[in-house]
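Number of protein chains: 2
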Amino acid sequence: MEMSIILGVSLLGLIVAGLLARWVLAQDQGPESMQRISAAIRLGAQAFMRRQNWTIVKIAVPLAGLLFFLYYGVRETTAHDPADQLTLSLWTTISFVLGAGCSLIAGYVGMWIAIRTNVRTAAAARTTLNGALQTALRGGAVSGLLVVAMSLLGVGGLYAVAQMSGATAQVTQIPLLIVGYGFGASLVALFAQVGGGIYTKAADVGADLVGKVEAGIPEDDPRNPAVIADLVGDNVGDCAGRGADLFESTAAENIGAMIIAATLAKTVPTASAEVIMGVMLFPLVARAFGIVASILGLLFTKIREDQDPMTGLNRGYYVTSLLSAVGFFIATQWLVKPLAEASGHPDAWLQFFFCGLIGVATAQAFVYITQYYTEYKYRPVKEIADASLTGPATNVIAGIAVGLESTVWPIVTVSGAIVGSYLLGDAAMPNGGLFGTAVATMGMLGTAGYILAMDTFGPITDNAGGIVEMSNQPEEIRKRTDRLDAVGNTTKALTKGYAVGSAALAAFLLFSAYLEEVRNFGVDIKAVDLSKPEVFVGGMLGAMLVFWFSALTIRAVGRAAKQVIEAVRVQFAPFRKNGKLELPETFEPDYGAVVDIVTRGALRQMVMPGIIVVAMPIAVGLVFKAIGDALEKKGLGAEVVAGFLMVGTIAGILMALFLNNAGGAWDNAKKYIETGAHGGKRSEPHKAAVVGDTVGDPFKDTAGPSLHVLIKLLSTITLVLAPLFL
Amino acid sequence: MEMSIILGVSLLGLIVAGLLARWVLAQDQGPESMQRISAAIRLGAQAFMRRQNWTIVKIAVPLAGLLFFLYYGVRETTAHDPADQLTLSLWTTISFVLGAGCSLIAGYVGMWIAIRTNVRTAAAARTTLNGALQTALRGGAVSGLLVVAMSLLGVGGLYAVAQMSGATAQVTQIPLLIVGYGFGASLVALFAQVGGGIYTKAADVGADLVGKVEAGIPEDDPRNPAVIADLVGDNVGDCAGRGADLFESTAAENIGAMIIAATLAKTVPTASAEVIMGVMLFPLVARAFGIVASILGLLFTKIREDQDPMTGLNRGYYVTSLLSAVGFFIATQWLVKPLAEASGHPDAWLQFFFCGLIGVATAQAFVYITQYYTEYKYRPVKEIADASLTGPATNVIAGIAVGLESTVWPIVTVSGAIVGSYLLGDAAMPNGGLFGTAVATMGMLGTAGYILAMDTFGPITDNAGGIVEMSNQPEEIRKRTDRLDAVGNTTKALTKGYAVGSAALAAFLLFSAYLEEVRNFGVDIKAVDLSKPEVFVGGMLGAMLVFWFSALTIRAVGRAAKQVIEAVRVQFAPFRKNGKLELPETFEPDYGAVVDIVTRGALRQMVMPGIIVVAMPIAVGLVFKAIGDALEKKGLGAEVVAGFLMVGTIAGILMALFLNNAGGAWDNAKKYIETGAHGGKRSEPHKAAVVGDTVGDPFKDTAGPSLHVLIKLLSTITLVLAPLFL
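Chains A and B, in that order, give the protein sequences.
The opening residue of the first sequence carries number 4 in the working numbering; numbering runs sequentially from there.
The opening residue of the second sequence carries number 4 in the working numbering; numbering runs sequentially from there.
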């Protein structure tokens with residue numbers, strides 16, 4: 004029954020995504036002038052994605068081999084293994100490959116539909132705002148539903164196969180076989196986000212500096228050779244990157260929650276096998292209900308011509324949240340109540356439901372806090388705009404101060420959510436604390452499908468605006484796409500807040516899953532004791548990884564942008580006379596050359612940050628395992644890795660909040676000045692604000708979002724490699 | 004014997020400082036034109052310091068009252084208390100007051116001599132470079148020796164009094180009575196560093212933006228009303244701030260090391276009372292030998308007229324390091340060997356001596372790494388300078404990337420030092436691991452006196468350069484002071500590296516002292532277990548405090564600088580005709596008005612960051628103590644505070660490294676371009692580099708150095724308040 008719901012809803016999600024895609028593709032593509040631009044974007048995005056995916060495959064396949072080798076060839080079996088050595092090794096490797104493959108496909112298909120929706124949105128904007136909104140949102144929904152449905156199908160399917168094939172004797176040990184799925188998904192997500200993030204900002208920064216600043220031509224001017232690369236970047240960075248990010252979020256969270264649920268179930272000796280199964284599948288069923296809620300919410304989203312598009316999106320989100328809470332209630336009563344009753348605490352299921360509501364409330368809180376720090380209605384962005392009056396330096400100083408400050412309330416919120424759901428769960432039934440935090444995380448991620456649709460909406464409308472601009476459409480149409488574009492900027496910022504918030508909440512769940520796994524393998528790790536010098540050092544190294552990784556990704560943007568600038572200068576050179584640039588109106592640049600340079604630059608620069616994230620936890624684990632073996636301290640390696648993971652996660656959350664919010668605030672401080680404040684466009688304060696905005700670009704679209712993925716990759720990589728550190 | 008050495012050397016240090024001060028004061032003060040400027044600086048600095056100290060007193064006195072009230076009125080006594088309630092409360096409060104008072108005096112006297120040395124250095128520069136160097140270094144030495152000698156005298160004196168008065172039955176519990184000394188010192192250091200840091204950079208940024216950028220007059224132009232405030236800032240920020248910083252470093256480290264030594268001694272039941280006493284006083288004796296080494300090193304420093312001044316300073320430093328290692332060897336053999344023999348591991352003392360050498364090596368490594376990241380001979384600074392070619396935005400991006408990256412090697416170094424000294428100590432004798440890390444910290448801090456003298460050398464030469472500039476001395480003299488000034492910039496950067504490195508190494512010692520103290524009070528805390536949700540949340544909040552505090556201090560500079568700009572604009576207003584500023588050559592501005600504004604601004608802005616640092620650990624401790632009491636989890640409050648402290652420290656170290664090194668690198672990228680690279684002064688790349696340099700100002704001179712103090716304040720505050728969280 005549970006499994007049929009899980010697999011059935013996954014398939015339903017895929018079918019709805021297919022139907023929406025068919026609907027979008029059937030829309031009018033507009034005049035030839037639009038189609039020509041869209042085709043150029045399409046070509047560039049596909050070329051990049053193909054080469055990026057190929058690079059990822061070239062990294063993932065040897066890694067899969069290494070994984071199998073480490074499990075099968077190096078590791079010694081223990082009496083606690085969930086299966087014999089070959090089975091365990093094969094399952095881990097195959098689920099890794101499957102996770103990586105599904106993530107690649109989800110990202111690619113999402114991008115595939117986005118680059119076809121953009122021109123249709125632009126075409127629809129010629130008649131009505133609602134038509135354009137519908138097109139963009141449905142295009143986004145394809146990507147959103149695909150991601151959540153495939154993530155669920157993968158975990159659910161692997162579970163079903165493992166159960167049917169009898170790969171392990173105990174059903175509660177199945178999650179230990181399929182942890183590779185989360186790792187595969189995270190690994191692809193990391194490279195997709197880092198590569199796409201570098202691409203999008205290198206093109207953006209490069210195009211701006213060489214076009215707006217050096218040549219003095221407007222943004223999205225068709226004569227700028229980097230302008231298509233810039234539009235391609237929106238698709239491969241924001242759209243494909245965030246899709247992969249949330250794909251792995253949901254996958255990792257599903258597996259982690261199942262491990263925690265299994266642990267709880269084992270503490271209730273009177274629970275029947277069926278009850279235990281039910282609790283273990285509870286996270287997947289709740290997710291399935293969340294997908295249904297997202298589908299309904301997406302269908303509800305509609306606006307009148309004179310309405311703020313954000314109103315429609317918000318209404319849809321409230322509907323989704325409400326439905327997902329109802330689904331959560333049903334799932335809790337159905338699947339958690341039996342265990343609660345068996346444990347002698349019949350009302351515990353209701354308290355767990357409240358834990359889920361804590362998660363829903365946390366999602367809302369993150370959305371509000373993000374808005375406060377990044378919208379120009381409020382104090383922080385105004386402060387940055389005011390600081391622009393005394394030049395770029397004070398603008399940058401103010402932005403950094405705002406970004407650093409913006410970490411305060413999110414951390415207080417997550418702290419409250421973790422401690423609150425833990426204490427609530429602990430009071431509900433014995434050993435229920437961790438399950439309480441797991442349920443809160445599930446509550447927060449319940450609306451992921453809708454959120455992701457809103458997120459992909461962003462790059463689609465951004466592209467539509469660019470197409471309208473470049474094909475010289477009338478003012479009225481531009482106004483429509485500008486309104487949608489502004490909404491898209493907001494939804495993109497909100498999604499980032501949601502992504503980092505859910506990463507923070509999921510982190511505690513994933514640590515606990517890691518420790519539980521270590522215990523499952525027979526090493527009774529009592530604590531992750533920071534007062535041990537080795538663990539403290541592990542923590543320092545974890546936090547350092549966050550700083551190092553941020554340095555590499557931020558620098559990568561600078562380096563790749565420089566190559567863009569040089570390539571554009573070459574194309575402009577024939578028109579430079581006596582040091583002055585005179586660009587004819589009819590100049591048709593070679594877009595492909597710049598697209599090619601950004602592609603190569605981004606792919607080259609994404610390798611190093613990706614590798615250190617994978618290599619450092621392995622190195623730390625193996626070095627301290629060796630020290631532990633020499634000193635006869637059993638489990639030292641696993642404990643040090645836990646310290647590495649936990650402190651690294653804390654540093655990652657804070658750094659991601661800082662980078663995302665500083666970047667968003669700078670962006671909107673510039674937009675605020677462009678509304679006419681402090682002298683408006685082209686004034687000195689505006690120039691200062693442009694500097695801040697450019698500094699914020701790699702913060703908010705490269706390093707920040709990549710850190711979300713890094714946090715979760717650290718968790719999944721340690722989950723997969725835990726047996727090696729023992 | 005031990006005590007006579009400790010107190011005798013402290014007094015010797017004070018006497019030498021007095022003699023050096025007399026020597027400096029006897030030097031020629033130069034012509035009236037120099038004296039007039041120096042007098043203005045003196046007036047401003049003294050006025051600020053008096054008001055700042057008064058503000059600190061107004062915060063510290065009620066805090067002392069609160070401390071007494073909490074200890075005597077709120078806290079319940081336990082059977083494990085080192086003394087009866089009144090004695091314990093009085094000792095804690097009095098040692099707090101004494102620590103605060105000594106720190107205030109050390110800072111004030113150091114500043115007092117610095118603002119008198121500056122003009123004498125300028126005067127000496129009229130004849131020889133060596134004369135100027137000697138004057139500046141001896142002025143710096145007064146401050147350096149004063150700080151280390153008073154710190155030692157305070158801890159040693161309190162110990163002696165506690166022992167003689169029989170305040171506690173067991174000699175090993177004396178450190179628990181005097182932990183207040185470290186807290187008092189840190190509290191003053193925090194406010195001194197934050198207030199002085201805001202002052203110096205608000206004046207600097209304000210003077211530059213309104214003078215160089217707006218009015219187009221050169222730096223240090225006497226017509227700029229903010230120029231005296233800028234020179235005052237060097238004294239109150241760099242000089243008084245860092246003095247207070249290292250005062251508390253040495254004080255806190257002394258007390259922490261004594262607690263660890265006592266713990267180790269108690270594990271050797273065969274050790275006689277005399278042997279135990281010897282080990283406990285070992286940290287103080289080693290420090291005393293370090294002071295002697297610093298005095299000799301300072302007397303060795305001499306250069307020839309054609310030599311690089313840095314050569315002379317380096318030679319002196321090597322001599323000091325060598326002598327301090329010899330002293331360390333003697334102290335270890337004398338005081339640690341008896342304990343090692345009693346424990347049946349007669350050679351252990353030698354291994355502990357090697358731990359000390361690890362500390363010395365760590366100090367050297369930090370100095371080298373800091374140079375690599377902040378000098379323009381090397382790749383990082385060149386990268387920033389190159390990025391200036393494409394404008395201020397890419398310059399800022401490159402600087403941030405360099406700053407983030409610069410955390411990697413220092414963290415690897417500290418990690419190696421902590422684990423290395425721990426394992427070495429652990430192998431030397433049972434339970435010797437922590438003592439090993441303590442000895443490494445002592446080794447690192449052995450040369451603090453010399454380092455501090457070099458540091459104070461910086462603001463003195465900076466001031467001397469300003470005086471020479473403003474009094475229109477001939478080119479040749481300017482060249483001499485410029486050379487000294489460049490050296491001063493290097494020594495300031497190195498000291499910051501040394502300060503953060505020693506804070507990182509000392510951190511582990513201080514945590515352990517905290518846990519040891521908690522255990523001494525009868526709560527057997529087994530671990531600081533990050534896998535408990537409460538402790539994890541404590542860690543998150545600790546890291547968040549670092550971000551919040553950085554935000555407040557960085558923003559404070561921006562706000563105070565804005566007030567400077569506005570005040571200067573008022574003075575310039577009469578000369579602004581048709582939007583153009585025509586400043587007569589003879590214009591004599593009202594320096595005092597600006598000094599007054601910066602003073603008030605800095606004092607107002609320093610309160611909030613100071614308060615959150617004190618309030619947050621108390622709040623976290625009390626809230627989680629209440630939760631722990633409700634759930635009957637004994638010691639939860641203390642464990643959560645430990646998590647708060649440890650993760651906060653890790654975040655603080657990384658953030659301080661990032662801020663200090665990014666700031667230093669931006670500064671030198673600008674200087675590199677000023678040597679003629681990329682078009683030299685007044686080129687577009689230079690303008691871009693000035694933006695980066697200004698952004699870096701609050702990073703490297705306000706937030707970064709304040710974070711060193713924050714790290715140690717967190718340790719000392721938790722040490723003092725530990726009994727309240729139980």
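We treat Cβ as the ideally placed atom computed from N, Cα and C, and that holds for glycine.
By the rule that beta-carbons nearer than 8 Å mark a contact, B/Met-543 touches chain A. Using a Cβ-Cβ cut-off of 8 Å, B/Arg-25 does not count as an interface residue toward chain A, since no Cβ of chain A sits closer than that to its own. By the CB criterion at 8 Å, B/Ile-387 and B/Gly-695 fall inside the cutoff. Think of a sphere of 8 Å around the beta carbon of A/Ser-534: the chain B residues whose beta carbon falls inside it are Phe-514, Ser-515, Leu-518, Ala-530, Val-531, Ala-645, Met-649, in chain order.
Under the 8 Å criterion on CB atoms, A/Arg-558 is classed as interfacial with respect to chain B. B/Phe-72 sits exposed, since fewer than 16 C-beta atoms from the chains shown fall within 10 Å of its C-beta. In the DSSP assignment, A/Met-6 falls within the unbroken alpha helix (DSSP H) covering 5 to 28.
Judged by DSSP in its simplified three-state form, A/Asp-593 adopts coil rather than helix or strand. Comparing C-alpha distances from A/Met-114 to each of A/Ser-92, A/Gly-142, A/Ala-127 shows the shortest one belongs to A/Gly-142. Residue-level contact check: A/Ser-7 does not touch chain B, since none of the beta carbons of chain B fall below 8 Å from its beta carbon. Of all residues in the region 440 to 453 of chain A, the ones placed with a Cβ closer than 9 Å to any Cβ belonging to chain B are Thr-440, in chain order.
Around the Cβ of B/Asn-475, a 10 Å sphere holds fewer than 16 other Cβ atoms; the residue is exposed.
Listed along chain B are Pro-536, each with a C-beta nearer than 8 Å to that of A/Gly-436. Remark: three or more beta-carbon pairs, one from each stretch, lie closer than 8 Å, so the region 647 to 667 of chain B and the region 697 to 708 of chain B are flagged as touching. Annotation: the continuous alpha helix (DSSP H) that includes A/Arg-558 extends over 536 to 575. Annotation for A/Pro-286: the continuous alpha helix (DSSP H) segment containing it runs 276 to 303.
Neighbours of A/Ser-553 in chain B, taken as residues whose beta carbon is under 7 Å from its own, are Leu-407 in chain order.
Cβ contact annotation for A/Lys-703 (same chain, cutoff 6 Å, sequence separation greater than five): Asn-663, Gly-666, Gly-667, in chain order. Cα atoms of A/Pro-341 and A/Val-322: separation of roughly 29 Å, rounded to the nearest angstrom. At a cut-off of 8 Å between beta carbons, B/Ile-62 makes no contact with chain A.
A direct Cα-Cα distance of roughly 26 Å separates A/Val-150 from A/Gln-32. Relative to A/Ala-506, the option among A/Ile-656, A/Arg-483, A/Gly-423 whose CA is nearest is A/Ile-656. Interface flag for A/Tyr-375 against chain B is unset, since no Cβ pair is found closer than 8 Å. Not flagged as an interface residue toward chain B: A/Ala-265, since no C-beta distance is shorter than 8 Å. Distance from the CA of B/Ala-276 to the CA of A/Val-531, rounded to the nearest whole angstrom, comes to 37 Å.
In the DSSP assignment, A/Ile-454 falls within the alpha helix (DSSP H) that extends over 451 to 473. Beta bridge pairing from DSSP links A/Leu-353 with no other residue. The beta carbon of B/Gly-319 sits closer than 6 Å to the beta carbons of Gly-300, Phe-303, Thr-304 from its chain, once the five residues preceding and following it are set aside; these are given in chain order. B/Gly-169 is outside the set of residues whose beta carbon lies under 8 Å from a beta carbon in chain A. Interface criterion not met: the Cβ of B/Thr-365 is under 8 Å from no Cβ in chain A. Contacts with chain A (Cβ-Cβ distance below 7 Å) from the region 380 to 398 of chain B involve Ala-390, Thr-393, Gly-394, Pro-395, Ala-396, Thr-397, listed in chain order.
When DSSP states are grouped into helix, strand and coil, B/Lys-482 belongs to the helix group.
A distance below 8 Å separates the beta carbons of A/Met-283 and A/Ala-264. It is roughly 11 Å from the alpha-carbon of B/Gln-374 to the alpha-carbon of B/Gln-367. Taking 8 Å as the upper bound for CB-CB distance, B/Ala-351 and B/Ala-343 are in contact here, some 4 Å apart. Using beta-carbon distances, A/Leu-212 counts as an interface residue toward chain B, with a partner under 8 Å.
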